[in-house]
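S.K.: The opening position of the sequence shown corresponds to residue 1 in the numbering used here, with each subsequent residue numbered one higher. First the structure, which I've put down as structure tokens, then a few questions once you've had a look.
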Amino acid sequence: MQASPVTDTRAPAAALHPCRLRWNQPWQWLALGVRDVLRAPAIALFYGLCFWAMALMMAWVFRASPEYAMATASGCLLVGPFMAMGLYEVSRQLESGGAPRFSESLTCWERNLSGMGMLVMVLLVLEMLWARAAMVVFAVFFDTGMPTTATLMQTLLRWENWEFLAVYAAVGGVFAALVFASTVVALPAMLDRGTDALTACITSMRVVCLNLPVMALWGLLIAALVILSMGWGGVFLLIVGPVLGCASWHAYRDSVAGDAAAPAGEEGT
């Protein structure tokens with residue numbers, strides 16, 4: 001007597017469809033992020049302290065070894081979205097009408113451990129490439145020796161060093177844009193729907209390509225708020241970091257629809 005074949009009864013992950021976005025939605029995401037932070041202030045404060053600690057570490061590296069500043073910044077840019085997963089979970093629970101729990105925000109990544117591990121490996125490779133590219137730029141333009149922290153700003157502000165600034169900014173911009181495009185909705189999708197890393201990253205890039213002006217505005221808002229928050233020792237990241245984390249969840253919810261949604265080209269504008 002032959003044994004009957006075992007069938008997989010697990011429901012497949014829902015297909016993800018990018019949605020068209022409106023110009024005003026990034027501002028709405030920020031407002032919703034502020035609302036979520038006010039509804040869970042204690043949890044938000046914990047993650048704000050984590051973001052502040054990252055800023056203090058970056059400031060220390062800049063003072064001690066300025067040539068490693070971009071490498072440290074790239075590492076923080078990659079770690080930041082993973083750290084914000086706890087804030088995604090907070091917004092997810094608030095959206096569903098539940099009370100956010102700190103313990104669940106810390107362990108939410110366990111729901112898709114294999115996918116998260118794969119994405120971590122890919123981003124670590126990207127971070128190493130980014131760090132190496134930054135070191136190469138420094139080595140090419142300062143072949144007589146790295147500038148010291150004391151003379152760094154004076155050196156960079158000289159007109160003859162404009163090429164270094166342009167290349168350094170371009171290299172950083174390319175890697176930052178690549179990380180942003182591949183992760184802007186990937187991590188929330190993996191947390192929310194159990195999507196695998198490849199599908200999540202491809203969906204994230206499709207969202208960015210479909211809504212390039214809006215997502216560019218969103219990226220610029222994130223960058224501007226983070227840069228402005230770095231003043232006064234980065235203390236403003238105590239607030240800005242959690243707000244951006246929660247806002248990113250709402251950006252995902254507006255940017256991605258499941259199987260029931262119409263194709264992207266048929267979404268309302």
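Glycine is no exception: its CB is placed at the ideal position from the N, C-alpha and C atoms.
#1: Going straight from the alpha carbon of ARG20 to that of VAL207, what length do you get?
#2: Taking the beta carbon of MET116 as the centre, do at least 16 other beta carbons fall within 10 Å, making it buried, or is it exposed?
#3: Excluding the five sequence neighbours on either side, which residues of its own chain have a C-beta within less than 6 angstroms of the C-beta of ALA218, listed in chain order?
#4: Quick one: measure Cβ to Cβ for ALA271 and SER204, integer angstroms, because I've assumed they're closer than 8 angstroms.
#5: Below 8 angstroms CB to CB, which residues in the same chain sit around LEU45 once its five sequence neighbours on both sides are set aside?
#6: Is TRP60 near VAL235, with beta carbons less than 8 angstroms apart?
#7: Quick check: PRO188 and TRP109, are their CB atoms within less than 8 angstroms of each other?
#8: Quick one: what does DSSP say VAL256 is sitting in, helix, strand or coil?
#9: In the DSSP assignment, the alpha helix (DSSP H) including MET230 goes from what residue to what residue?
#10: Look at the Cβ atom of LEU87, then the Cβ atom of CYS246, and state whether they are nearer than 8 angstroms.
#11: I'd like the list of long-range same chain contacts for LEU94, defined as Cβ closer than 8 angstroms, with 5 residues on each side in sequence excluded.
#12: Could you pull the DSSP bridge partners for PRO18 from this structure?
#13: Count the other C-beta atoms from every protein chain shown that fall within 10 angstroms of the C-beta of PRO18, then say buried if there are 16 or more, exposed otherwise.
#14: My understanding is that SER182 touches CYS201, with C-beta atoms under 8 angstroms, so please give their C-beta distance in whole angstroms.
#15: Based on Cα-Cα distance, which residue from MET54, LEU220, THR199, GLU89 lies nearest to PHE180?
#16: Give the secondary structure of ASN112 by DSSP, where H, G and I count as helix, E and B as strand, and everything else as coil.
#17: Around the C-beta of MET54, are 16 or more other C-beta atoms found within 10 angstroms, so that it is buried, or is it exposed?
#18: Please report the residue range of the alpha helix (DSSP H) in which ALA170 lies.
#19: Identify whether TRP23 lies in helix, strand or coil by the three-state DSSP scheme.
#20: Whose C-beta lies closer than 8 angstroms to the C-beta of GLU163 among residues of the same chain, with five residues either side of it excluded?
#21: As an exercise, report each continuous beta strand (DSSP E) stretch of at least 3 residues that is fully enclosed by the stretch 197-244, in chain order.
#22: Just mark ASN112 as buried or exposed, buried being the case when its beta carbon has 16 or more other beta carbons within 10 Å.
#23: Provide the residue span of the alpha helix (DSSP H) that contains ARG193, from first to last.
M.R.: Well, looking at it:
#1: The alpha-carbon atoms of ARG20 and VAL207 are separated by roughly 8 angstroms.
#2: Taking all protein chains in view, the Cβ of MET116 is crowded by 16 or more other Cβ atoms within 10 Å, so the residue is classified as buried.
#3: It is Trp, not Ala, that sits at residue 218 in the sequence shown. Excluding positions up to five away in sequence, the list reads PRO26.
#4: The requested residue 271 is not part of the displayed model; the chain covers only 1 to 269.
#5: Within the same chain, LEU45 has close Cβ partners LEU238, PRO242.
#6: Their beta carbons are not under 8 angstroms apart, which means TRP60 does not touch VAL235 by this criterion.
#7: Going by C-beta atoms, PRO188 is not nearer than 8 angstroms to TRP109.
#8: The answer is strand: DSSP assigns VAL256 an E or B state.
#9: No alpha helix (DSSP H) holds MET230; DSSP gives it neither H nor E.
#10: The answer is yes: Cβ separation under 8 angstroms.
#11: In the same chain as LEU94, and ignoring 5 residues on each side of it, the C-beta atoms closer than 8 angstroms to its own belong to ASP36, ARG39, ALA40, PRO100, in chain order.
#12: Listed as beta-bridge partners of PRO18 by DSSP are VAL256.
#13: Looking at its Cβ environment, which holds 16 or more other Cβ atoms inside 10 Å, PRO18 is buried.
#14: That pair is a contact at about 5 angstroms.
#15: Nearest C-alpha to PHE180: LEU220.
#16: DSSP places ASN112 in helix when its eight states are reduced to three.
#17: Burial is judged here by how many other beta carbons sit within 10 angstroms of a residue's own beta carbon; MET54 has at least 16 and is buried.
#18: Taken as a continuous stretch (DSSP letters only), the alpha helix (DSSP H) holding ALA170 covers 162-183.
#19: DSSP places TRP23 in coil when its eight states are reduced to three.
#20: The beta carbon of GLU163 lies closer than 8 angstroms to those of PHE141 in the same chain, with the five residues before and after it left out.
#21: Fully enclosed beta strand (DSSP E) runs of 3 or longer: not present.
#22: The residue in question, ASN112, is buried, as its Cβ has 16 or more Cβ neighbours within 10 Å.
#23: Boundaries of the alpha helix (DSSP H) harbouring ARG193: 186-193, taken from the DSSP string.
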